[in-house]
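Residue 1 is where the sequence shown starts when you use full-length UniProt numbering, and the numbers rise one by one after that. One structure is given here, and the rest of the page talks about it.
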Amino acid sequence: MMAEVKCPKCGSPMILRTAKRGPNAGKKFYGCSRYPKCKETIPIESIDTETVESEKKEQFLIKTTFPRNLIARPISQDYQVRFFETVAIPEDLLEKIVLEDAEEEILKAFSQWRIDFPVGDFKSILNEKQRQIISVLEKILTRGRITLPSPKIEKEFKDIFELLRNKSPISLIYSLVIRGYDKAKKRLWLDSKEEKIFYEDILPKLLGKNYEQFVLPQVEISSLLSPNINMDTTRYQRVDFAIFLPGLKEKIIVEIDGEYHKKHTESDKERDRLLQECGYTVIRIQANEIQKKEGPQLSVLSSKLSTIKEIFSKVPILSNDEIKFILSFKIAHQIQIVLLQAIQSGFLALEDKEPWHIVTDLDEIGIFNKEEALAILKKSVEDFVELLGKLSKLYSVKLNIGKPICNLISEYTITESPNTIYISFSEKITADLPTFHVQNIYFPFHIATSSFPTTPLIEGLEKPEEKDLEYFLQYLFRKPYFWEGQYDGITRVLQGKDTLLLLPTGAGKSLVYQLASLLLPGRTVVIDPIISLMEDQIDNLAMIGIDRCIAITSQIIDAQDRSQAIQLFGQGEYLFAYVAPERFQTIEFRESLRTLTIHTPIALIVVDEAHCVSEWGHDFRTAYLNIGRTTREYCKSEGKVPPLLALTGTASRAVLKDIQRELQIEDFDAIITPKSFDRKELKFHIVYCKSQEKFARLKGYIGQKLPGLFNISASTLYQTRGKKTYSGLIFCPHIEGEFGIKKVADEIKKALGVSPGIYAGKEPKHWNPNQWRYHKQYVTKEFKRNKIPLLVCTKAFGMGIDKPNIRYTIHFGIPPSIESFYQEAGRAGRDRKTAYCCIIVSNDNPERSKKLLNPNTKVEEIDEIIRNLPWEENDDITRVLYFHTKAFRGIAKEKHDVEELLQHIGDVSKRGIKILSIPDRIKQEADKYKKQAREITEKALYRLLLIGVVSDYTIDYSRDEFTIQLSGASKEEIIETYGKYVEGYLSSRRQTEVEKASRLLSLPYSDFVREMVGLLLHFIYDVIERGRRRAFYEMVLACSESPTDENIRKRILQYLEATEYTKVLEEIISDEKAGIIKCRDIFDNVCSPNEAAELRGQVSRYLESYPDHPVLLMLRALSEIFSREKKREVAKQNFIASISSALTNYGINGDTVFDFAAWAVSKLATRDKKLAKELIFELIKSSDRYLIRTLIKKLPIELAEIPAWFLLTKILHDCNSLVINK
C-alpha cells in the first residue's frame, strides 16, 4: 500500500495527473486535488514508492475515511430515494467479522441499499414529542453499518431457520452479495431509449442476473468526486451509469452519447478529466453502437468486465438454508427501516384508529417460501412496533396504532385504505398501494446517513422503571441486567440532570453514557484525555454494531479533513464525536459547535476520566479547566443546555469537589458512588528487591510464579488461544532507559522467547511519529484480538482500555498513588475471573526515602537531592519523585514563568483581548519539544485565571499563539476570587489567606498581581504538591506493610471507600477552627486496632487532598500508632507536621494548639510511651514557656516530669546566668 501523497503547500491529497502540454507533455506528475485554488505540483520521480507498512499491518489501523452523500435519480419521476449503509446480522457473525477484519468492499456491498418511494402528501404530521421518539428510533436502527437485530428477532429466526454452521463469514457474505433476487421487469426513469437498451439488455449479459446491484444510474458527479475538488461547473451534473463491483479494480463510468452530447464536447471532456483524475475509467459509447448492441466501446467495456466471471467463480456455493438464515436478518432490518421511513413521510400514522397494513412480495424473490416470507414480515413488524412502544413509554407518549396486519401481495386483495404500504423486493409495481422499493446496491465509498430533524429535549424524561431500561440494555448491548450504579447514572441523564459517576475500574461506566445517548434525540460529544482511549471506545462500540462514531483529533492531520469531520458530525452522520479537551480551546471548534447546534442538538456532554479536571488528580490536564463553561456555552441548542456526565474510576474527596466546581455540577444528589470498590477477582502480590535485581525477579515471576498460579506451563501462558488467551500487561515507569518499555521487552524476549508488544503515548527514540502512531493502533488491535498475549507499556495504556481476559498486570516499579495503581491494575479481571496484580518494588535507601517523603521536606530540596544523585543510586522512590519535580518545578520558577508572561502581555489592569506568543525565555528553558514550552505557558496562564486576572483564553496550536481575555478585575475582586478558590478546598484557611492578600493592597497594580501569584503558588505547593507527594507516600506504605493479598486489599479499600468516619472528616474540613474539638471526639471513640486502621485509610485519602491540615495530620499520627501494623516514624512525622501547620499555615491560637498537643501526646502514650516521650522532647525544643507549662499541666504525671525537669533546668540556668552577670 502506497503512502498517501500530501500537498506540501496546503496539505490536501495529491492526484496523479498527466501533463498535456509544454516540455513535460505526456509525463506523469502529482497535482493538488484543490486545483485551481492550489496549483502545487510534485514530479513523480521525487516520490518515494516504498510501502510505509505491510498490507497485513495496514488493515488493522483505525483510519478516518469519510462517508459521502450519495445523490442519484429515483426510479420514477414521482418518487424520491434514500440510500442506506446498514444491515443487521447475528451476534456471533458480527464478532467474527470484527475480529477477522473482514474485507471492507464486501461489507459495503452487503450493507448498502436504497429505498425508492412515492413523494408523500404528509397526511400524518408528527408533533414535537413524536419527532423526538422517531429520531431516537432512527438512531437505534441505523446505529451501525453492520449491526445487531433485536435479541428477540435473533432467537425467533434461529427457531425458524437452521443455526449458522461453522462457515467463514467472508464466504457467506460473498455468496449473499453475488446471489441476488428474482425480479420483475424494471421500469426505470432514464433519459433515452438507448440508455434503456443498455440497462435492460446489455448489462445483464455482461454482469449476470444480479447486475442491478452493481450499476447506479444517473448519479450526481458530486457524489463521485472528493469534497476537496473544485466542481463548481459540474456539481449537479449526473453520469449515465456508474458500474462498481467489489474485487474489480476499475471504477467504471459509462456515458451514452446521443445528439445532445455533440453540443457539449468541451464540458464532457472537462467532466471526464475530473473523473479520471479521481481514479475512474470513463467509457463513452455512441447511441448507434447501443442500438446495434456491438461496437468498439462495448468491446472495451466487455473486456474490462471479463474478470467478473473469475471473481464470481471464487464464491463458494452455500446451501439455501444458510442463505435464508443470514438474509432473513438483513431483510428484517430493511423492513423496519422502511416502516420508519413510512412514518417519517406520513404514510403510516402514529395516532389513527385504522391499523397498519403491511404487504410484501418476499415470497417472489426466489429464496423464501410463502410461510417463511410471511413469518419474516410478521416478526419484523411486531418487533418494530414493540421497540416503538418501549420508546413511547419512555417518553410518556401513548400510541394508538393497534396490531398491524401483515400480508403477502400474492394473497392480498387490494383495497384503498389509509396506513397501508407495500414493501417490494422484487420490483413488482402496483399502482394501487404506496410502494417502497428496496434494492441492494454497491458504492465504493461509505454512504453518509442523513438525520431526521428534531429538537432538543427541553424537559427531562420521567424516571423510567429499571425493567423498561433493561429492554434497551439487552437490545443494544446484549447485557442481561445493570451493574451497580449504571441504572442510577442513566436515569439521571435521561431526566436531564448533571451527574458525576464514580465507579471502580471495570464497573461499566462507558455503558452509562452510551445507552443514555442512544435514547436521547441529538448527538453526543465525549471528551477523552488520550487518543488511545478514544480509539478503544470506538473499537468496543463497533464490536456491538455501533460504528457511527469519530475521533476528531490530531490523528486527522489534514485541516480540511478535520473540517469535513466536524461538518459530517453537524449533518448528524456521527452519533458520538470523541474530542480531546484541547479542542475546546480552539476558536474553530467552538464556532463549529455553534453551527452544528442550529440544526442538530447535542444530547449529552460526557467528560471521561474526569479526575483530569482537577489539578489534584493524578492525570491533571490544564485544558480541562474551562470544559464546564465552554461545553455548556457552545453545546446548547434553542437555549437548552444538555446534561453533563462526568466519569471517573477513582478520585479523592477533594478531586470530586474540584470536578463538581470546575464542571459546575451543583446538585447535591449528582454524585453516584458504589457501595464498595472491592474487586474480589484481583489478587495482589508485592515482590521486594534491589534495583539491580529487578529483571531477575521479573523473569522469575513471569517464567515460573505466574504459570504456577494458573496451574499451566509457561509455554501455555504465552500462547494465543482466542478468548482463552492469558493476556497480560507490564507497566513500566518510562519509555527509554534501564526500566523503560524497550529494555523490559528485550529482556523478556531473551529470557522466555516471547515477543511482547510495546506501547507508550510518545514515540521512542529513532521512531518516526507517524510510524509510531501506526504501530500503536496496530499493536492495540492485535492485543485486543488476542494475537499478542503480552504488552509492555507505560501508563498511557492504563486508562480506559477495555479487554475482558487480561489475567495479570505487573508494575515494574511503585505507582505514584493507590488510585493510579488500582486503576491500572483494574485493567485485569474484567470478565470477573481471577487475575493477579503484582508490584516489583525497589526501595534501596529507606533513610533517604524517609527524608524525601517527609511532608516537611520542600520540593526544591527534593529536586536538588535527585539532581545530584548518581544514576546507579536511583530506586523506585527517586524515579517517581523525578517526574514529580518536573510537574512541580518550584515556587520561584513558576512565579518567574508568570512574571515573564505578564511582561509580554503588558498592562493587565484593563479589560480587553491580548495576543501572546510563547516567550523566548520559556522556549529556551523548556526542552527541545515545543509542546513542553506551550504547557509551561498555559500553566502560567492558568495561574492568572485562578486569581481572576484572565477570564478566558483560546489557543492556535499551529502557531503556538494564545488569545487572552483580560478581566480588568480590581485588586479587591482579585482577593475575593483568590479567597473563593481557597475556600473551595479549605474553608478553614480562607480567612488567613485573605488577610495575607489584604496586606498587599497598597502595592501598585502590577506588583500586586505578582505578589498575589506568589501567594497562590505558596498555597498550591502547601496543598497540592504535598498532597501528590502524600498520595505517593501512602502507596509506598501500602507496599511495605505485611504485603499479603488481604493486607493490600484492606489498605486499598480503607483508602478508597467511605466509612462511618467520612461524615465527621467532612465536618472537620469545613470547620473554620480546623476541627480540633471534633478530633478528640473521633479518636475517643476508636475502640480497636481494626477501627484505627479504618480511620487511617480514610484520613490518608483526605490528606492527599488536604496535606497540611493539622487535625488530619494528627489523626494520621494517632491512627498509625493504634493500628496493628504500625510505623513509629510515620506517626512522629505527622505529629510534628500537625503542630507546625496549626501554628504557621492556619494561624490557630497558641493556647489551643498547645492544649491539643498535650492531649495527643497523652493518647499516644497509652499505646507507645517511648514515642510519647520522644515527641515531648521534640515539642520542648522550641523553649516556649507557655507550651511547656501546658504540657506540665495537661500530661499524666509520669510524662509531665519531662517538661517539668526541662523547665526547672531552664530556670536554674537562667538564675545562674543572672548571678554570674550580677
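For glycine and all other residues, C-beta sits at the position ideal for the given N, C-alpha and C. Predicted model only: the values in this text are computed from it and were never measured.
Residues of its chain near ARG934, where Cβ-Cβ distance is below 7 Å and the 5 sequence neighbours each way are ignored: ILE918, ASP960
Out of VAL982, ILE810, VAL1130, point me to the one whose CA is closest to VAL1036's CA. VAL1130
Give me the Cα-Cα distance between TYR726 and CYS838, rounded to the nearest whole angstrom. 15 Å
What alpha helix (DSSP H) runs, 4 residues minimum, are completely inside the region 687-732? 694-700, 706-710, 714-717
Within the continuous beta strand (DSSP E) that includes HIS446, where are the two ends? Element bounds for HIS446: n/a, residue is neither H nor E.
ASP1108 versus ASP1022: straight-line alpha-carbon distance, rounded: 7 Å
Express the C-alpha separation of LYS398 and SER392 in angstroms, rounding to a whole number. 6 Å
Please report the residue range of the beta strand (DSSP E) in which residue 1245 lies. The requested residue 1245 does not occur in the structure, where the chain is confined to residues 1 to 1222.
Would you grab the beta carbon distance between ILE605 and LEU500 for me? Rounded to a whole angstrom, and I think it's under 8 Å. The pair is not a contact, with the Cβ atoms about 13 Å apart (cut-off 8 Å).
Three-state secondary structure assigned by DSSP to LYS914: strand
Give the range of the beta strand (DSSP E) segment to which TYR953 is assigned. 950-956
Within a Cβ cutoff of 6 Å, which residues of the same chain sit near GLN286, ignoring the five residues on either side of it in sequence? ASP257
According to DSSP, is LEU327 helix, strand or coil? helix
Who pairs with LYS640 in a beta bridge, going by DSSP? SER637
Where does CYS278 sit, in a helix, a strand or coil, going by DSSP? coil
Cutoff 7 Å; reference SER54; Cβ partners in own chain excluding five residues on either side: Reliability of the predicted coordinates at SER54 is poor, the pLDDT of 39 falling under 50, and the value obtained from them is presented with this limitation in mind. Hits under 7 Å: none found.
Would you say PHE1019 reaches chain C, if we count a Cβ-Cβ gap shorter than 8 Å as a contact? Although the question refers to chain C, the structure presented lacks it and comprises just one protein chain.
Residues bridged to PRO118 [DSSP beta-bridge criterion]: TYR79
Just checking my contact of THR885 with ILE915 at CB under 8 Å: how many whole Å lie between their CB atoms? In fact, because the Cβ distance is near 32 Å, the residues do not count as touching under 8 Å.
Sequence-distant residues of the same chain with beta carbon closer than 6 Å to ILE458, five excluded per side: LYS640
Tell me the start and end of each unbroken beta strand (DSSP E) in the region 564-604 that is at least 3 residues and wholly inside, in chain order. 576-579
Own chain partners of ASP1045 with C-beta closer than 8 Å, once the 5 adjacent residues on each side are dropped: LYS683, PHE684, HIS685
Cross-strand partners of TYR1106 (DSSP beta bridge): DSSP lists no partner for TYR1106.
Could you have a look at GLU53 and say whether DSSP puts it in helix, strand or coil? Note on GLU53: pLDDT 37, under 50, position unreliable in the model; the coordinate value appears next. Looking at GLU53 - three-state DSSP - the assignment turns out to be coil, as it is neither helix nor strand.
Is ASP240 helix, strand or coil by DSSP? strand
Can you list, in chain order, the residues of its chain whose CB lies under 6 Å from that of LYS428, leaving out five sequence neighbours each side? ALA184, ASP361
Own chain, CB closer than 6 Å to GLY496, minus 5 neighbours either side, in chain order: GLY460, PRO643
With H, G and I counted as helix, E and B as strand and the rest as coil, what does DSSP make of TRP767? coil
Could you check if ILE1211 is buried or exposed, using at least 16 other CB atoms within 10 Å of its CB as the buried criterion? exposed
For GLN297, the residue or residues it bridges with in DSSP: DSSP lists no partner for GLN297.
Member of TYR181, GLU105, VAL87, TRP189 whose CA lies at the smallest distance from the CA of GLN77: TRP189
May I have the straight-line CA-CA distance separating GLU864 from ASN874, to the nearest angstrom? 14 Å
Residues sharing a beta bridge with GLN965, DSSP: ILE913, ASP952
Could you name the residues of the same chain whose beta carbon sits closer than 8 Å to that of LEU1003, not counting the 5 residues immediately before and after it, in chain order? GLU1011
Between which two residues does the alpha helix (DSSP H) harbouring GLY757 extend? Per DSSP, GLY757 belongs to no alpha helix (DSSP H); it is in the beta strand (DSSP E), 757-759.
Is GLU85 helix, strand or coil when you go by DSSP? strand
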